[in-house]
Amino acid sequence: MNIPFIDLKTQYELYKDEINQEVLGVLQSTQFILGPQVSKLEKSLADYTGSKHAIVCSSGTDSLLLALMALDIKSGDEVITTPFTFIATAEVIALAGATTVFVDIDEETYNIDPKLIEEKITSKTKAIIPVSLYGQPSNMDEINLIAKKYGIAVIEDGCQSFGASYKNQKSCNLSDIGCTSFFPSKPLGCYGDGGAVFTNNDVLAKKIRTLANHGQEERYKHKYIGINGRLDAVQAAVLNVKMRHFEKEVAKREEIGIRYNELLKDSGVTPPLVKSDRTSVFAQYSIRVRNRDDLASKLNLSGIPTAVHYPISLHQQEAFANLGYKSGDFPISEKVSNEIMSLPMSPFLTKDQQDYIIDTIKENV
Ligand SMILES: *Cc1c(COP(=O)(O)O)cnc(C)c1O
Numbered sequence: 006m007n008i009p010f011i012d013l014k015t016q017y018e019l020y021k022d023e024i025n026q027e028v029l030g031v032l033q034s035t036q037f038i039l040g041p042q043v044s045k046l047e048k049s050l051a052d053y054t055g056s057k058h059a060i061v062c063s064s065g066t067d068s069l070l071l072a073l074m075a076l077d078i079k080s081g082d083e084v085i086t087t088p089f090t091f092i093a094t095a096e097v098i099a100l101a102g103a104t105t106v107f108v109d110i111d112e113e114t115y116n117i118d119p120k121l122i123e124e125k126i127t128s129k130t131k132a133i134i135p136v137s138l139y140g141q142p143s144n145m146d147e148i149n150l151i152a153k154k155y156g157i158a159v160i161e162d163g164c165q166s167f168g169a170s171y172k173n174q175k176s177c178n179l180s181d182i183g184c185t186s187f188f189p190s191k192p193l194g195c196y197g198d199g200g201a202v203f204t205n206n207d208v209l210a211k212k213i214r215t216l217a218n219h220g221q222e223e224r225y226k227h228k229y230i231g232i233n234g235r236l237d238a239v240q241a242a243v244l245n246v247k248m249r250h251f252e253k254e255v256a257k258r259e260e261i262g263i264r265y266n267e268l269l270k271d272s273g274v275t276p277p278l279v280k281s282d283r284t285s286v287f288a289q290y291s292i293r294v295r296n297r298d299d300l301a302s303k304l305n306l307s308g309i310p311t312a313v314h315y316p317i318s319l320h321q322q323e324a325f326a327n328l329g330y331k332s333g334d335f336p337i338s339e340k341v342s343n344e345i346m347s348l349p350m351s352p353f354l355t356k357d358q359q360d361y362i363i364d365t366i367k368e369n370v
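Residues in the sequence shown are numbered from 6 upward in steps of one, following my numbering.
As structure tokens, then:
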């Protein structure tokens, strides 16, 4: 049996008529940048998350950069985040000119450990970026409380968690600013690059929207140094169709994730733990295994693709050598990066495919 890691083909086949029609409509309108598809998407994203404002932009990376720019984060400032994430989370801190301060993760959820944050806060700290890794939000109440005490901002990197919730509130609407990505393989993906920024703050929302369009408030009047960070209308059209089906897909993801967890219990691998006060959209379904590379090659031989999110903690990346961290500084992150392995996951994974994956794991672990 050959199983796709993320089944974008089945999804396209299912929504093909609607997607083709909407995309063709954009081509015929020749309104390629901004316009009605973009406004419609922003409204439905705001409605979905309950956030007052949703500003779509060019990528998840740019959504994070725009958040930092809107908060005036610059050289001399410090931003706290986790070393166990995709590079973009910390890359944007460096791009804004600020210094990344890493805090180790919690071994149960793989998200930043709130207990370790406070000791890293200095007079230079301007923001905390918790990452809702694999689709599960962090302990946001605890993080928001710490931030409030020190008067600093919280930006949720929800690039993997759009659709998840924490205490019945949607991801991306859990802090001052929420950011997400519509990269094709994310839970809500477009057919290229895309992202969005969410906030309930009118002033920040206006600034983010302006920054994403070259700092331009009126045509050729530039209030800030911004970026070309807009989402194009073709991507908005694809997302508008996918939003119609998204609730159903989130339910499927949850069902498949929970079924994996049940069937992998006592199998010798460690399934992900989802805390009882939140949900995960399982952007990745990631297990921990001692003999990871060995099991991965056996699964691959059986037609089951796997991936590692992420094999090297960010503090050990050459790109961040200037931060002066060394191996051993974040032991949980380092340990998990050696054991973590993602299995095929999508709302279209069938029971047969899932049973085959589980049986193959049990035979080889
Ligand atoms: C995908 C991702 C990003 C970046 O999103 P892009 O749309 O690829 O720029 C940032 N942070 C995390 C945690 C991600 O998974």
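Ideal Cβ placement from N, Cα and C applies to all residues, glycine included.
Check whether residue i and residue j have beta carbons under 7 Å apart
i	j	result
G183	E161	yes
F335	D109	yes
I134	T86	yes
G168	F187	no
G102	K125	no
S347	S291	yes
A75	K212	yes
V31	A210	no
T204	H58	yes
V279	Q141	yes
G234	K228	no
E344	V294	yes
Y139	Q289	yes
V84	A152	no
Y171	R264	no
K129	D82	yes
L46	V61	yes
E222	T215	yes
Contact set for residue i: own chain, Cβ-Cβ below 7 Å, skip 5 residues either direction
i	result
S180	M145, N149, V159, I160, E161
T54	K175, C177, N178, F203
S272	I366, K367, V370
H250	Y20
P316	S342
T185	G65, S68, G163, C164, F167, C177, G200, A201
Below-7 Å beta-carbon distance, residue i vs any chain C residue
i	result
D52	Protein chain content of the structure displayed is limited to a single chain, and chain C is not contained in it.
Three-way DSSP call (helix, strand, coil) for residue i in this model
i	result
K167	Note that residue 167 is Phe in the sequence shown, not Lys. In this structure, F167 counts as coil in the three-state DSSP scheme.
H320	helix
H250	helix
R293	strand
L354	coil
F325	helix
G65	helix
G81	coil
D364	helix
E113	coil
S342	helix
K303	helix
L76	coil
V108	coil
T86	strand
T275	strand
D181	coil
N173	coil
S137	coil
K120	helix
8 Å CB neighbourhood of residue i in its chain, flanking five on each side removed
i	result
I8	G308, I309, P310, P349, L354, Q358, Y361, I362
V243	I24, E27, V28, C195, Y196
E259	T284, S285, V286, F287
S332	Q321, E339
Integer Cβ distance of residue i from residue j, believed to fall under 8 Å
i	j	result
P352	K257	4 Å
Q165	S137	6 Å
A301	L71	So it is not a contact: roughly 36 Å between Cβ atoms.
V97	L69	4 Å
D67	I232	7 Å
T365	L268	That pair is no contact at about 12 Å.
V43	L306	At roughly 45 Å, the Cβ-Cβ gap does not stay under 8 Å, so V43 and L306 are not in contact.
V286	V255	6 Å
I92	Q322	7 Å
Same chain only: Cβ atoms within 6 Å of residue i, ignoring 5 sequence neighbours per side
i	result
E112	I337
P88	F107, S318, L319, H320, F335, S338
I11	S190, S351
M2	For residue 2 there is no data in the structure shown, the boundaries of the chain being 6 and 370.
S64	D198, G200
I261	L354
Y20	V246
S49	M248
G40	A238
N266	P276
key: Pocket of ligand 1 defined by Cβ to heavy atom distance under 6 Å   = Answer in sequence order: S64, G65, T66, T90, F91, A93, T94, V136, D162, C164, Q165, S186, F188, D198, G200.
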